[in-house]
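The sequence shown runs contiguously to residue 1399 in the working numbering.
Just so it is clear, CB atoms sit at the ideal spot from N, CA and C, and this is done for glycine as well.
Predicted model only: the values in this text are computed from it and were never measured.
Working notes, structure below.
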Amino acid sequence: MGFFNKVISVIGLSFVLAALFAIPVSADQLTSGYTVSTDVTINNYKLVNNGSYGEGKFYVSPTYTFDDATVLKNGDTLVYDVPSVFKFDQALTQNLTAPTGETIATLVTDPATNKATITITNQEYFARLNETKKIQALFTVQWADATPYNVPQTFTFEGAQEYTLTRIVVDEEPEGYSKWGVQDSKDPNIVNWRIRINRDIKQLGNVVITDTIPEGQELEGAISGYYFADWTNGPRTSFTANDPNIVSITDSNHFTINAGDLSNRGIYIIYKTRLTAPVDKVEKKVFNDIVVTSDGNPLQALNYRPFAPLTTVDGVGEGTRSDEAIFKVNKILSGRTLAAGEFSFELVDDATGNVLETVTNDSAGVVQFSKIKFSTVGDFTYTIREKASGLEGVTDDADADIKVSVNVVDNGGAKQVTASYDRDSFTNVYIAPTTTTTTTESTTPTTTTSTTTESTTTTSATTSTTTESTTTTSATTSATTESATTVPTTTAAASRTTEDPKSTTSSKPTTPKKKLSKPGLPSTGDASESWLAILGLTVLVIGGYTYYKRPI
848 MGFFNKVISV IGLSFVLAAL FAIPVSADQL TSGYTVSTDV TINNYKLVNN GSYGEGKFYV
908 SPTYTFDDAT VLKNGDTLVY DVPSVFKFDQ ALTQNLTAPT GETIATLVTD PATNKATITI
968 TNQEYFARLN ETKKIQALFT VQWADATPYN VPQTFTFEGA QEYTLTRIVV DEEPEGYSKW
1028 GVQDSKDPNI VNWRIRINRD IKQLGNVVIT DTIPEGQELE GAISGYYFAD WTNGPRTSFT
1088 ANDPNIVSIT DSNHFTINAG DLSNRGIYII YKTRLTAPVD KVEKKVFNDI VVTSDGNPLQ
1148 ALNYRPFAPL TTVDGVGEGT RSDEAIFKVN KILSGRTLAA GEFSFELVDD ATGNVLETVT
1208 NDSAGVVQFS KIKFSTVGDF TYTIREKASG LEGVTDDADA DIKVSVNVVD NGGAKQVTAS
1268 YDRDSFTNVY IAPTTTTTTT ESTTPTTTTS TTTESTTTTS ATTSTTTEST TTTSATTSAT
1328 TESATTVPTT TAAASRTTED PKSTTSSKPT TPKKKLSKPG LPSTGDASES WLAILGLTVL
1388 VIGGYTYYKR PI
């Protein structure tokens, strides 16, 4: 009995240990089970070892490739250390997406620790795609404030080669002017632009600057600046913002600066643009164009197109000004997953009946039209109309229109736009086509025909002949015909008897009786296994109880 108690105790202890090991594994900082390769560029140009660089943006793009055996869990982190000669210009949080568009992780950059942290947020995605698992991130850094000029710095980015680079001051203007932009650190939708003409104080004569702001940006606020006699140490004379004698604004994308005579001075111009459209998240830069003339003659064009590198791109260009409106509704498809571009929608100006724009839904069901700018006060109405889909199995929304009411008021000289909708979504229903399977069984009844002919003559001998013919036809799904003919002949002696000959013919259809039986399921031993499972559970419970109640 003691031996039995020990066995039960061991089983109970095993049960307790199994329960402990069943506790979910917590998230970890991953330090193994992967390889990392890092691509480093400056302003999207290949970084050259032993090179010298000014105050540009260094783009760092690590790619993590995981072993097939590595299991990624929500909350797992990857930490990337940035070399101390660089710094993050601002804290950044953004989602990382897979090629399918699914969000799989988040990226957080921390200027205080100089670390970039990737946190897994979609373990289900990696469970489905458990081979060749990859995560790619992209962030920007710049020279750290403490990194000295003109002193070579040797460092290594994780997953990249060792570099030796030198920080320098780049201030060359072979064309006589320069232009650059910087994304605003407080509002990522704002780009601060600078134009500098005649830094080296040459005899340029009368200078006119023509600035063209590309689509996707608009002039924001006033244009200001100053004149200088010596760029490094000389006095500076500011001019009034939007001085009509100097600044001429054609529209939100074009303006001209009449700088005057720059024979013994230069000019520095300051202005801002607002990003009004989403930017390229791969290139991560926006451009601006300029033409400078001296006494009516164009100066040499810059050997690069002026641009501003962007640190933050998520949500950039998706905002609106107070005098603008973006009409946006949702598309819902019940019954299956919605695909991007499946449904089309028109924006109709109710005042004219004109279709202003036609767009399609994205994969998230968002239907968004381009911005509309309002220059006059009043009330306006628009219709967002869904076009018939014609898709198999899809029933379109019974109400194909969403009405939009716009109210524009003057608020201290600025237009204020308010838009309201009678509802916010279209809903379509998908029902998968049904499939009908028909099984036809044909049975031909069995027929048996029997013919007997008997002839008897009384003489000194009696001869009897019997002929029997049997034909059997059986038809089921496949037809089978079976034919058998038997002709027995018998001659026998009989007593002296006289009897009239008789002939008897019999034809009778018969249906053979069949024994029907229902097909049975194969025996799988489920019943015995169920009893074994119950018995095993009982033993474990008793074992656990015995283990805890045993004398100490």
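P909 places its beta carbon 8 angstroms or farther from that of T924. The beta-carbon separation of V1255 and T1223, rounded to 7 angstroms, stays under the 8 angstroms limit for a contact.
Distance from the CA of G903 to the CA of P1021, rounded to the nearest whole angstrom, comes to 19 angstroms. Of the candidates E1239, A1235 and G1240, A1235 places its Cα closest to the Cα of D1246. In the three-state DSSP reduction, F1192 falls in the strand class (E or B). Counting every other CB atom within 10 Å of its CB across the protein chains shown gives A984 a total of 16 or more, marking it as buried.
Each residue's CA atom was taken as its position, placing N1105 and V1055 some 5 angstroms apart.
Between the beta-carbon of V1176 and that of Y1268 there is about 7 angstroms, and that keeps the pair under the 8 angstroms contact cut. Judged by beta-carbon spacing, K980 lies beyond the 8 angstroms limit of Y927, meaning their Cβ atoms are not closer than that value. In the structure shown, R1121 falls within a strand segment according to DSSP collapsed to helix, strand and coil. At the C-beta level, W1040 and N1144 stay beyond 8 angstroms of one another. In this chain, A974 is not harboured by any beta strand (DSSP E); it is covered by the alpha helix (DSSP H) spanning Q970 to R975. Each of K1033, L1194 and P930 was checked against the Cα of V907, and the nearest Cα belongs to P930. Using a Cβ distance threshold of 8 angstroms, Q1030 and L1157 count as a contacting pair. Around the C-beta of E1233, 16 or more other C-beta atoms lie within 10 Å, and the residue is accordingly described as buried. With fewer than three CB-CB distances shorter than 8 angstroms, the region 1049-1063 does not count as touching the region 1080-1090.
Secondary structure note for E1020: it is in no beta strand (DSSP E), with a DSSP letter that is neither H nor E.
The count of Cβ pairs closer than 8 angstroms, one atom from the region 1099-1114 and one from the region 1055-1069, reaches three, so the stretches are in contact. Contact check for E1065 and T1120: beta-carbon distance about 6 angstroms, within the 8 angstroms limit, so the pair qualifies. If you check the CB distance, I1219 and E1171 come in under 8 angstroms.
Inclusion of V955 and Q1000 in the CB contact set at 8 angstroms is not warranted, their separation being larger than that value. In the three-state reduction of the DSSP assignment, T1013 falls in the strand class, which pools E and B.
Taking the CA atoms as reference points, S1141 sits about 20 angstroms from P1153. T917 carries a coil assignment under DSSP once its states are collapsed to helix, strand and coil. Short of 7 angstroms from the beta carbon of T888, and not among the five residues preceding or following it, lie these beta carbons of its own chain, in chain order: L894 and Y906.
DSSP places I1137 in the strand class (E or B) of the three-state scheme. In this structure, T882 lies away from T917, with their beta-carbon atoms at least 8 angstroms apart. A check of alpha carbon separations from K1128 across L943, R1270 and Y892 identifies L943 as the nearest. The beta carbons of N897 and T994 sit no closer together than 8 angstroms. Collapsing the DSSP output to three states places I1093 in coil. DSSP, reduced to helix, strand and coil, places T947 outside both helices and strands of the structure shown, so it counts as coil.
Remark: C-beta atoms of A1069 and N1092 do not approach each other more closely than 8 angstroms. Residue environment: L1238 is assigned as exposed (fewer than 16 neighbouring CB atoms within 10 Å of its CB, all protein chains considered). Rounded to the nearest whole angstrom, the C-alpha separation of G1200 and N1036 is 34 angstroms. Annotation: the continuous beta strand (DSSP E) that includes W1040 extends over I1037 to I1044.
Where V887 is concerned, the enclosing beta strand (DSSP E) starts and stops at Y881 to I889.
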